[in-house]
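> My questions all concern the structure below.
Below is the structure:
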């Protein structure tokens, strides 16, 4: 535990140590490890010392670590433990700028690897003079953070963010959400190498004096709830898959309720939706039904989730299904959807608590600019962003910078969007993910995927295929159990799916059994769900014709999901190329 005085003092000590170890101006300090006070300290110390704070995902291979460290000219690499250290030891001979390696958990027996205690001792022996001289020369428009985008094709790009980029974006987010100083509590669990965690966990902490609780490394594997129950955050940022996992657990619990509890929950959710529907229509009146439902149900649900003190429930980093938002809204948990990207410092739009909307990702934040490029007949175009939060460029990649940021300073997001009559932005798809069938019809896969998922909640993933092909097909995964230590999916179907399968007359207990026997009960039920989804298609070209069940669920260890649980569609297409081709024979 650190007080803010101790925190700032330690940052200065570590910054002095980095300078003593040879950190050069605009060279990087790479940090690889799970969220911890040491991660925060090393990050800010790198910035204090005039370097570039650079996070590396813990899931990166040694080769991927090498690319980031070499590309950013790393002078110092800070690792969490022996597991991450071994990656760096394999590649350090390929890092010409590397001067020191620091391990902050445990003590390494390796030669020339410093412990966290060693680092602090080095810094304590140094005077403040050199650090003060560096601090005086740092400009607001200088790069201070590198965020490596986790691209699915080729090497990741290093997004250069200046002090002003970060602080401006943070300030306008604070204004939009009316975040309070010295009273907010957050839980740090999303990868700190991601821009959202950099902004909310590290930078908001020193700007607003928030209290930060650190989740354990298994947070995204299922232990996050334990930390929430202890911390009781006032602000909680969850990526869509985190909210989906919470939703699934709540649904599973609800199915075990008796008739009376089920009726009460249904009544309470109706009261919640009634209140928020009125609020969205300009009538903010807490009628007796809502007040009673809050006391009887909503407060108890939030307490069970560890969110009883939470004021701001935020979802970001990927689109979230509107039905998931509606479910949480009915329980007095309004999800505030934010939209942005690393290249704009994190956020560009957000749903305001005062102007809640089920649809879209909110209005642009104060002082930023938005336009739609190449607008089609439906009013959709590429979302372009302008303002002080727009990044400096990609490190050492001027050609890619020009592709993303035009001569007038507009950042081209690659996302398709449109504004409604109230000025709320909706993201309708990703240009690169847009499927163009062999018949020339453009298909945005997201809505199709989400419709099928809502038709059959026993599926964990749905991925549409069809680019340059005659018709659409989908790959689906069944919900299965997970190895809580590794995060890898197991072959056994989870309890929810087992009950469903049994109700259909299936005796299958594993994904392998379902696929190997082409279990007729399960395959027919999936086919019926797809047919129901097809009734909502706006054209025949947007109807799904075939499907296949994949042998295991998606996960980070198996490669289909990125560090923030985003689906890597290109990776999945390569993995299952033969299976995809069979659907078109």
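In the UniProt record's numbering, the protein residues as written are 1 to 585.
Glycine included, each C-beta is placed from N, C-alpha and C at the ideal position.
1) Which residue comes first and which comes last in the beta strand (DSSP E) that contains residue 430?
2) Does the stretch 4-20 come into contact with the stretch 123-130, if we say contact requires no fewer than three beta-carbon pairs (one atom in each stretch) closer than 8 Å?
3) Once the 5 residues before and after residue 394 are set aside, which same chain residues still bring their CB inside 8 Å of it?
4) Which class does residue 5 belong to by DSSP, given the choice of helix, strand or coil?
5) If we count the other Cβ atoms within 10 Å of its Cβ and call it buried at 16 or more, is residue 343 buried or exposed?
6) With which residues is residue 522 paired in a DSSP beta bridge?
7) Per the DSSP calculation, residue 412 is bridged to which residue(s)?
8) What is the C-beta distance between residue 26 and residue 52, in whole angstroms, given that I count them as a contact (C-beta under 8 Å)?
9) Specify the secondary structure class of residue 475 as computed by DSSP and reduced to three states.
10) Would you kindly work out how many angstroms separate the C-alpha atoms of residue 131 and residue 68, rounded to a whole number?
11) Grab the span of the alpha helix (DSSP H) containing residue 572 for me, first residue to last.
12) Which full runs of the alpha helix (DSSP H) of 4+ residues lie inside the stretch 266-336, going along the chain?
13) Do residue 114 and residue 100 have their CB atoms nearer than 8 Å?
14) Taking the DSSP output, what are the residues bridged to residue 77?
15) Would you identify the three-state DSSP class for residue 405, choosing helix, strand or coil?
16) Which residues in the same chain have their Cβ closer than 6 Å to the Cβ of residue 383, if we skip the five residues on either side of it in sequence?
17) Could you pull out every residue in the same chain whose Cβ sits closer than 6 Å to the Cβ of residue 455, ignoring the five residues on either side in sequence?
18) Kindly indicate the opening and closing residues of the beta strand (DSSP E) around residue 546.
19) What's the C-alpha gap between residue 596 and residue 224?
20) Is residue 426 closer than 8 Å to residue 360 when the C-beta atoms are compared?
21) Could you pull out every residue in the same chain whose Cβ sits closer than 6 Å to the Cβ of residue 580, ignoring the five residues on either side in sequence?
22) Check whether the stretch 179-194 touches the stretch 550-564, counting contact only when three or more Cβ pairs, one atom from each stretch, lie closer than 8 Å.
23) To the nearest angstrom, how far is the alpha carbon of residue 526 from that of residue 364?
24) Quick check: what's the CA-CA separation for residue 218 versus residue 58?
25) Starting from the C-beta of residue 500, find all residues in its chain whose C-beta is less than 6 Å away, skip the five residues before and the five after it, and write them out in chain order.
26) Tell me the residue span of the alpha helix (DSSP H) that contains residue 123.
27) Only counting runs of 3 or more residues, tell me where the beta strand (DSSP E) segments fall wholly within the stretch 175-223, in order along the chain.
28) Given a cut-off of 8 Å, decide if residue 82 and residue 98 are closer than it, judged by their beta-carbon atoms.
29) Hey, how far is the Cα of residue 545 from the Cα of residue 242?
30) According to the neighbour-count rule (16 or more other Cβ atoms, all chains shown, within 10 Å of its Cβ), is residue 165 buried or exposed?
31) By the DSSP assignment, the alpha helix (DSSP H) with residue 344 in it spans what residues?
32) Apart from the five residues just before and just after residue 537, which ones in its own chain have a Cβ nearer than 6 Å to its Cβ?
33) Can residue 149 and residue 240 be called in contact, C-beta distance under 8 Å?
34) By the 10 Å Cβ neighbour count, where 16 or more other Cβ atoms means buried, how is residue 462 classified, buried or exposed?
35) Which value, in whole angstroms, describes the spacing of the CA atoms of residue 93 and residue 22?
36) Since residue 480 is in the beta strand (DSSP E), which residue starts that stretch and which ends it?
Result, derived from the coordinates:
1) To locate residue 430, count along the chain shown from 1; it is residue 430. Its beta strand (DSSP E) spans residues 425-430.
2) yes
3) As a first step, residue 394 is located in the chain shown; it is residue number 394 there, counting from the start. Only 157, 158, 159, 160, 400, 401, 404 meet the Cβ criterion.
4) Sequence index remark: in the chain shown, residue 5 carries index 5 (1-based). Note: residue 5 maps to helix in three-state DSSP.
5) Translated into the one-based positions of the chain shown, residue 343 becomes position 343. By the 10 Å Cβ count, residue 343 comes out buried.
6) In the chain shown, the residue the question calls residue 522 occupies position 522. Looking at the DSSP assignment, residue 522 forms no beta bridge with any residue, so it has no partner.
7) Numbered from its first residue, the chain shown carries residue 412 at position 412. Per DSSP, 384.
8) Within the chain shown, numbered from 1, the residue matching residue 26 stands at position 26. Within the chain shown, numbered from 1, the residue matching residue 52 stands at position 52. Right, the Cβ-Cβ distance comes to about 6 Å (below 8 Å), so this counts as a contact.
9) As a working note, residue 475 is residue 475 in the chain shown. Strand.
10) One-based indexing of the chain shown puts residue 131 at position 131. One-based indexing of the chain shown puts residue 68 at position 68. Approximately 26 Å, taken between the alpha carbons.
11) For the purposes of this step, residue 572 is taken as the residue at position 572 of the chain shown. Where residue 572 is concerned, the enclosing alpha helix (DSSP H) stretches over 569-575.
12) 288-293, 299-305, 322-330
13) Within the chain shown, the letter at position 114 stands for residue 114. Within the chain shown, the letter at position 100 stands for residue 100. For residue 114 and residue 100, yes; Cβs fall inside 8 Å.
14) Translated into the one-based positions of the chain shown, residue 77 becomes position 77. Paired residue(s): 30, 101.
15) Taking the first residue of the chain shown as position 1, residue 405 is located at position 405. It is a strand residue.
16) In the chain shown, counting from the first residue as 1, residue 383 sits at position 383. Contacts found: 413, 415, 417.
17) Counting from 1 along the chain shown, the entry for residue 455 is found at position 455. Contacts found: 529, 532, 533.
18) On the chain shown, position 546 is the one that residue 546 refers to. Here the beta strand (DSSP E) through residue 546 covers 544-549.
19) No information on residue 596 is available, as it lies outside the stretch 1 to 585 that the chain covers here.
20) One-based indexing of the chain shown puts residue 360 at position 360. One-based indexing of the chain shown puts residue 426 at position 426. Result yes, Cβ atoms of residue 360 and residue 426 sit closer than 8 Å.
21) Reading the chain shown from its first residue, position 580 is the one you call residue 580. Excluding residues within five positions, the ones whose Cβ falls inside 6 Å are 465.
22) yes
23) By 1-based counting over the chain shown, the position of residue 526 is 526. By 1-based counting over the chain shown, the position of residue 364 is 364. Each residue's alpha carbon lies about 39 Å from the other.
24) What you label residue 218 is simply residue 218 of the chain shown in a count that begins at 1. What you label residue 58 is simply residue 58 of the chain shown in a count that begins at 1. Looking at the two C-alpha atoms, the distance is approximately 12 Å.
25) Translated into positions along the chain shown, residue 500 becomes position 500. Cβ neighbours of residue 500 beyond the five flanking positions: 458.
26) The sequence position of residue 123 within the chain shown is 123, counting from 1. Note, residue 123: alpha helix (DSSP H), 116-124.
27) 185-188, 211-214
28) Numbered from 1 along the chain shown, position 98 holds the residue referred to as residue 98. Numbered from 1 along the chain shown, position 82 holds the residue referred to as residue 82. No, these two residues do not count as a Cβ contact at 8 Å.
29) To locate residue 545, count along the chain shown from 1; it is residue 545. To locate residue 242, count along the chain shown from 1; it is residue 242. If you take the alpha carbons of residue 545 and residue 242, they lie about 30 Å apart.
30) Looking up residue 165 in the chain shown gives position 165. Buried.
31) One-based indexing of the chain shown puts residue 344 at position 344. Run containing residue 344: none; DSSP gives neither H nor E here.
32) For the purposes of this step, residue 537 is identified with residue 537 of the chain shown, where counting begins at 1. Result list for residue 537: 543, in chain order.
33) Position 149 of the chain shown, counted from the start, is the residue given in the question as residue 149. Position 240 of the chain shown, counted from the start, is the residue given in the question as residue 240. No. Outside cutoff.
34) Your numbering for residue 462 matches position 462 in the chain shown. Residue 462 comes out buried.
35) The residue given as residue 93 occupies position 93 in the chain shown. The residue given as residue 22 occupies position 22 in the chain shown. One C-alpha to the other measures close to 18 Å.
36) The sequence position of residue 480 within the chain shown is 480, counting from 1. Run containing residue 480: 480-482, per the beta strand (DSSP E) assignment.
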